[in-house]
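K.L.:
Going left to right, the sequence shown walks through residues -10 to 227 as this note's numbering numbers them. Take this structure first; my questions come after.
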Amino acid sequence: MTETNTKKLATPPYVAYRTLRNFLEGFQQGTPGRIERSAMGGKSGAVQSQLMTALRFLGFVSENNVPLDVMKKFVTGDAAAQGQMMGSILRQHYPFIFSDDFDFATATGSMVRERFEEHTSATGETVARCINFLKDAAQDAGIQVSPFLSHKNANGPKKRSATAGGQRKTERPAERPTNESGTGPSVTNQPQIAAQSSLLLWGLFQRLPKPGSVWPKTDRDQWTETLNNVLMLEYKEQ
C-alpha cells in the first residue's frame, strides 16, 4: 500500500454546525481579504480555532485564511443554493463517508466512528463532535442521514460501571449539598427538574466553582463551550 493511501486526512470540523452557519451569514454583504480572529466577535479562542479548522477543511479558505470563490458564492447564495453547495462540499471533502463502499443513509454511529478513526486524524471525544457536525450539515444540505446514527452510539463504547456481588450498580446524580449556613437548597427538599435526568448536564454543573470565587476566563470559556456541546447532544433544534 502506498503512502498516499495510508495518509490520514486532517481533523474534520468539530465546531457546532450552527456556529459555522451563523459565522458565514455575517459575510452576506461581502468577504474580507483575509479571515482573521478579529472578525470572530466575542467567541472564545477555542471556538475561533475550531472555526478556522472547519473553514480550511471544507475548502472555504486557503492555508493563509484567504476566502476562496466557494466561500464567496456560498455566503451570497439563497437557501436553496447554499443547501446544494453544502451537499457538494460534503461529498467532496468526506470521500470516506460518501463513497461506493459505505452507505451513510443506513450506517450506525459506531460504523461512522470507525470511518473517521480510520481515515482522519480525529481521536477521542473529538470524533463524536466531528460526527455531530457532519450529521447536522448533511441534514441542512438535504442529504439523507441514517436513522441509526445517534449521539449515543457515535460516542463509542462506554466503560462498564463497577459491580458489587456480581450485580451492576445503578448510577444516579449525586445530591447537591446545602450551603455553609445550612440554608441553601438541596435535592432532597426541592422538586426535581427535568434537566437533572441528564448525567452530562448534572455532572457539568457540579463542576461550577463556588459563587464569588476566582474563575479564570479560559476555564470559564471552556466550560461554556462544553455546555453548548452538551446542549446540542441533549436537545433537538427546530
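Ideal placement from N, C-alpha and C gives every residue a C-beta, glycine not left out.
I'd like the ranges of any alpha helix (DSSP H) spanning at least 4 consecutive residues and lying wholly in the region 38 to 112.
P.N.:
58 to 65, 68 to 82 and 98 to 108
K.L.:
So, with DSSP's three-state summary, where would you put residue 220?
P.N.:
helix
K.L.:
Sort 29, 133 and 22 by Cα distance to residue 10 and report the nearest one.
P.N.:
29
K.L.:
Measure the C-alpha to C-alpha separation of residue 102 and residue 131 and round it to an integer number of angstroms.
P.N.:
21 Å
K.L.:
Check whether the region 78 to 87 and the region 119 to 130 touch, using three or more Cβ-Cβ pairs below 8 Å as the test.
P.N.:
The answer is yes - the region 119 to 130 touches the region 78 to 87, with three or more Cβ pairs under 8 Å.
K.L.:
Taking only heavy atoms of the ligand SAH into account, decide whether any of them is closer than 8 Å to the Cβ of residue 80.
P.N.:
You won't find the ligand SAH in this model; it holds no ligand whatsoever.
K.L.:
Is there contact here, the region 57 to 73 with the region 12 to 31, by at least three beta-carbon pairs under 8 Å?
P.N.:
yes
K.L.:
From the DSSP secondary-structure annotation, give me the bridge partner or partners of residue 9.
P.N.:
Paired residues: none, contrary to the question.
K.L.:
Here's the rule I'm using: 16 or more other beta-carbon atoms within 10 Å means buried, otherwise exposed. How should residue 98 be labelled?
P.N.:
So residue 98 ends up on the buried side.
K.L.:
Does residue 193 come out as helix, strand or coil in the three-state DSSP assignment?
P.N.:
helix
K.L.:
By the 10 Å Cβ neighbour count, where 16 or more other Cβ atoms means buried, how is residue 206 classified, buried or exposed?
P.N.:
Counting Cβ neighbours within 10 Å, residue 206 comes out exposed, since fewer than 16 surround it.
K.L.:
Which partner residues of residue 123 appear in the DSSP bridge assignment?
P.N.:
DSSP, once it has assigned bridges, lists no residue as partnering residue 123.
K.L.:
Does the distance from the CB of residue 224 to the CB of residue 118 come in under 9 Å?
P.N.:
no
K.L.:
Among 48, 67 and 195, which one has its Cα closest to the Cα of residue 228?
P.N.:
There is simply no residue 228 to check, as the chain begins at -10 and stops at 227 in what is shown.
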